[in-house]
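If you're matching them up, the sequences are chains A and B in order. Using the working numbering, you'd call the opening residue of the first sequence number 3 and step up by one each time. Using the working numbering, you'd call the opening residue of the second sequence number 3 and step up by one each time. For glycine and all other residues, C-beta sits at the position ideal for the given N, C-alpha and C. Computed from a predicted structure; not experimentally measured.
Number of protein chains: 2
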Amino acid sequence: MKIRYSQVTIVPGNPQKNFETCQKAAQRAKKDGIDLLILPEMAIPGYLIADKFEENDFIEDCEYYSHKLAEEATSDFSLIFGTVMFFETLSKIAKTGTDGRKVKLNTAWVAQSNSVTYKVKTLLPNYREFEEPRHFKDNLWVKNNLSEWDMFQPVIVNGVSVGVLICEDGWDDDYEIKPFERTTECGAQVLVDISYSPFTLGKNNSRDRRFSAHARNLHRPVLYVNGLGLQNNAKTVFSFDGSSCAWNSKGEMIAQSKMFTEEDVDFNFEKGELTALNPKPIEKHSDIQDIHDTLIYAIRNYMAQNNLQRVVIGASGGVDSTLAAALYVEAIGKENVLLVNMPTKFNSKTTIGIAEKLAKNLGCWYTSVPIGESAKLTASQINGLKPKNSDGEKFELQLSSFNMENVQARDRGGRVLAAIASAWGAVFTNNGNKTETTVGYATLYGDVAGFLATIGDLWKHTVYELCKFINDVNNKEIVPTEIFTLKPSAELSENQAVDKGLGDPLIYPYHDRLFAALQEWWNRASLTEILQHYLDGNLAAWLNHDTETELTEALIKEHFPTAKEFIADLERWYKLFKGMGVAKRIQAPPIIAITRRAYGFDYRESAMQPYFTRKYLELREKALAEI
Amino acid sequence: MKIRYSQVTIVPGNPQKNFETCQKAAQRAKKDGIDLLILPEMAIPGYLIADKFEENDFIEDCEYYSHKLAEEATSDFSLIFGTVMFFETLSKIAKTGTDGRKVKLNTAWVAQSNSVTYKVKTLLPNYREFEEPRHFKDNLWVKNNLSEWDMFQPVIVNGVSVGVLICEDGWDDDYEIKPFERTTECGAQVLVDISYSPFTLGKNNSRDRRFSAHARNLHRPVLYVNGLGLQNNAKTVFSFDGSSCAWNSKGEMIAQSKMFTEEDVDFNFEKGELTALNPKPIEKHSDIQDIHDTLIYAIRNYMAQNNLQRVVIGASGGVDSTLAAALYVEAIGKENVLLVNMPTKFNSKTTIGIAEKLAKNLGCWYTSVPIGESAKLTASQINGLKPKNSDGEKFELQLSSFNMENVQARDRGGRVLAAIASAWGAVFTNNGNKTETTVGYATLYGDVAGFLATIGDLWKHTVYELCKFINDVNNKEIVPTEIFTLKPSAELSENQAVDKGLGDPLIYPYHDRLFAALQEWWNRASLTEILQHYLDGNLAAWLNHDTETELTEALIKEHFPTAKEFIADLERWYKLFKGMGVAKRIQAPPIIAITRRAYGFDYRESAMQPYFTRKYLELREKALAEI
């Protein structure tokens, strides 16, 4: 039997368009003499469409196009694809869920000439950005409501018993039901897992381990078919990278599709074994290459999905806006990128020079709009202003120098960049990194603004690594090399003068790792553990997770020689992380997800007062008493 | 047996503080000779704390304070309260959930002198803002993992068999398991439902019907104990109104606590019947009173929780900012409210006059900051600006009159209000209503900005009703009466001149109802249904849901005499609702939830291209062909 998978692009919330994409894949397959075509999970509705799943007319539309796609099957050609359906359509039994709405299922349809067989997803993820139980019932629920239902029965296609599974069904470590095993026990000769799973740093390695183990342990070849596309849940933008793979019955990988690339890959299934028809060498990437490719894909598609062509970037000469500029020029072309430097007297010639050089290196548009006059106008309008009440009382307003820092930041984002973007028919970018985003080290309606937080899920050290990577792969200076030695600074006051070596209050090699431990680790680090490791002198090793980074015990000891200093710093940032940081993130733009815990829908927050547990307070007291 | 419930205030994410609140209630009860005290659900951790439930050290802290609270029990005094716990603590069996983390439970603890009995929530809501299955396993799961577990066994307190249930357990319409019935079958003589359930317009009526039916049908008295507090899930702020109640075994309400008021209410339980010890008349409010009280409570508490004292309000003389001003003065005092009028040449004397009169009526602070000069400065900096590239090419920027409207809006929000707020140690409000929010009729970093979208869940007609209500209950003009006849307008150009009767493009009596049907209805209206009802001539009746509103068939016919005009308007706003509206909501401030579908966490969105189903497109084609 000739099997093909098509790694196709799925558009969220557009069944008509997705039907057309899948139909074209089916027609190509038929022309090429394929017996069985496999398409991704949720290929008709799209996956991250949020409460759109609550709209019955949309589900009906998906069912209509799913049936139409199923009609592509002939006596010589079958296809498997993922879609949403009402339980009622499968069972002829009307049922509502615990939300009072019609029950819906995440299904795989196996379309053959005279029939469609429905298979239902067994394991519904309900963590990170996933919330399938909000919308769907699972395979077990169907069994409990439909006595004749056979949960794991394979489907016979061309005489071959095909086990049909859906995405999380293959990630069964933490579940009691093991769908791969159960389907194999029911006689499956080959295991197909249709997926729609987003890029997450390190995920593909973890997937390779699991699926290879399924194949090896069950002695069955496995096909993992993942879709492409850019889908979001408002605050967080996920890149679905494809990277579909196949393993033979020994668990050896026999094919792996390129990330973010539409591909048809063909196999022969014979005598219980799967072979790739046009085997290609399996490529291995570095993490930094994956991050780069994901960002380029996300930028390109986010722009296209929103009918945007041009961006304006506030180019300060700092590393974050520099990286953003390099990424956008690569993703959408130098003719669509305008860098705007917005100096005041606090901006050094150094950083202005870097911004100019960057524009030259990239060949994109550049201009300068000083903001001193406008900041002065704001100061003159506010300072000395005397609001009155009806009793004739009044008071006087005065902007502090700290207030004036924020005035400058808002003047750049909310006034200049927004106006230039609208005049050019463009949007302007947000250039905040994850370290700043964690503690809200940015001004609302100023540098927090922008249409997309392109690098909002990259820690500061990754921003540098990516800049180096871009120069390396291009084998020339794109990112001005001065960046790598410049002290990071907001340049909003004399206290942040880069030429005097002054700048940000963050010690990035340490705070990057600290914040990752608090926000990104699966079992998140507690303040108690962090303080205990500091006291034990092994905090750097613990935060580094056995990898080598710039963070050393010596660096921690240098900055925080005493527990008092360590605790003061820890609590200062923790309060910002859980306090003002949350308030700013609520109004921040969408973030492109890279790590396994991006801010937004993947990491759900509540604006609350920061809290210290009793255990931490006890350890803190002990540590301070010992000084 | 003397039973008391204490309607206490729960602070999200602060077990220590909540323990102290509950301990005080316990000590009062002991002093007053109470046998059994009942406290709300999740009284120790708080409820809407998002992924804070993933932090093991926080859960351990909750368990510590829960045990400490349980120690208040004596041989004469028992108490029931809600808290979170690890399954491991209950069972001594280590278990991880499908997210790989330790299993947690939403529990009621019945603390008696020598024991604590744990009861587990059976029904876990997973819709709207609720997502309990993300964090907790339910009673049935516990039974499946702990064979000796008795799911519904009542707890014997002072010889009385008390059925202990948690919140959703009483809202069992859409669930197969009926916890109230099951517990009664197991011998419960009185049914206690500890809750932590937020205010939603109309919810209390629905609750009265259900719980009264439980009491009547099961012939058991019912105590429904709900907590107070303001908790949020980042984008949406929920007001927990208390409104605890009790019903006797005939289903007659015998007590109802005031909304948003801390109260101890005492009962006697004897011979199977519950009587209130100090019965008070049961008050009935209008919806508009409930909305008013909820907003005042939410404002007050949101300010307090964030250590905020003062607000600045951009007062345009329009109805939205006027309502906001009246609410803030009532909630936090006139000395803490500053109205700022920010005129340009497009602002009429009429609206400026209203803003001045409003400040006088309220007795709060007032000032005026014209923005013409700043807008001119921006125009002069951008118009004629010529970005260049390294090839010496250039192009010229020019702001259109539409661009200048947005420049004005951003100048008001992002420049003036933000600067004044920072100089005064205040924050500034967002005054957008739900109608505007639905279609994004506002400017990002301009009128979309603000620390809190106070009236962001009120349709325009409710904004008017609330203004009328405020004048009525105060029996004087607080809201200037000119507001009620003024045409709503943004006054950003000559085309929006109110004195010429020009203004917003929205026909509020119609679009309010249309948008509610699309966004708020439980089974949401589809475009197909809407168009069909228009064609059938009964759209107003359908949108009005049998209530009387300003929307009539004649009004619809007057504005949209033909299907072509109707469809053009429908699609225009639908595209904004699903397109730019989403993009703006992503960066909008938190909204105080009032209706049963507030934007934000309660109504999850994905930024996608608007989509029209095949069914709609067919009906549309037919309708247009018939012209």
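Among the bridge pairs identified by DSSP, E275(B) is matched with E272(B).
Going by C-alpha positions, Y466(B) is about 50 angstroms away from G335(A). Sorting I51(A), L399(A), S8(A), M344(A) by C-alpha distance to the C-alpha of L39(A) places S8(A) at the top.
Cβ contact annotation for G583(A) (same chain, cutoff 8 angstroms, sequence separation greater than five): T439, T440, V441, G442, in chain order.
Close partners of S241(B) in chain A (Cβ separation under 8 angstroms) are lacking, with about 14 angstroms as the shortest Cβ gap.
When DSSP reads this structure, A113(A) sits in a beta bridge with L81(A), V118(A). Interface with chain B (8 angstroms Cβ-Cβ cutoff): K436(A) is excluded. For the C-beta of L545(A), not a single chain B residue is nearer than 9 angstroms; the gap to the nearest is close to 17 angstroms. In chain order, N391 make up the part of chain B whose C-beta sits under 7 angstroms from the C-beta of C366(A). Between L468(B) and L325(B), the C-beta spacing is below 8 angstroms. Check the Cα spacing between G35(B) and each of A585(B), R312(B), F471(B), N270(B): the tightest is with N270(B). For I12(B), the closest Cβ of chain A is not nearer than 8 angstroms. At the C-beta level, L126(B) and F138(B) come within 8 angstroms of one another.
Taking every protein chain shown into account, the CB of I284(A) has fewer than 16 other CB atoms within 10 angstroms, so this residue is exposed. N234(A) and R30(A) have their C-alpha atoms roughly 30 angstroms apart. The C-beta distance from W426(B) to V314(B) rounds to 7 angstroms, short enough to fall under 8 angstroms. Under the Cβ criterion of 8 angstroms, P42(A) is not counted among the residues facing chain B. For a Cβ distance threshold of 7 angstroms, residue set P14, G15, I51 of chain A lies close to M610(B), ordered along the chain. Within chain B, not a single residue places a beta-carbon under 9 angstroms from that of G84(A); the smallest gap is close to 18 angstroms. A buried status is given to K123(A), since no fewer than 16 other beta-carbon atoms sit within 10 Å of its beta-carbon. The distance from the Cβ of N391(B) to that of Y368(A) is about 7 angstroms, consistent with a contact at the 8 angstroms cut-off.
The C-beta of S376(B) comes closer than 8 angstroms to at least one C-beta of chain A.
In this structure, E74(A) sits near Q25(A), with a CB-CB distance shorter than 8 angstroms. The criterion of a C-beta distance shorter than 8 angstroms is satisfied by S495(A) and E407(A). Excluding five sequence positions before and after L553(A), the CB atoms of its chain that fall closer than 7 angstroms to its own CB belong to P511, Y512, R515, A542, L545, N546, given in chain order.
L401(B) and N435(B) have their C-alpha atoms spaced approximately 28 angstroms apart. When DSSP states are grouped into helix, strand and coil, A236(B) belongs to the coil group. Taking a beta-carbon distance threshold of 8 angstroms, S495(B) does not count as an interface residue toward chain A.
The C-beta of N309(B) has fewer than 16 other C-beta atoms within 10 Å across all chains shown, which makes the residue exposed. Around the Cβ of G15(B), a 10 Å sphere holds 16 or more other Cβ atoms; the residue is buried.
Note on K121(A): 16 or more other CB atoms within 10 angstroms of its CB, so buried under the neighbour-count rule. Judged by DSSP in its simplified three-state form, F88(A) adopts strand.
In this structure, S77(A) and D37(A) do not form a Cβ contact; the two beta carbons are roughly 11 angstroms apart against a cut-off of 8 angstroms. Within the segment 449-533 of chain A, the runs of alpha helix (DSSP H) at least 4 residues long that lie entirely inside it are, in chain order, 462-476, 510-521. In the three-state reduction of the DSSP assignment, Y67(A) falls in the helix class, which pools H, G and I.
Between E56(A) and chain B, the shortest Cβ-Cβ separation is below 8 angstroms.
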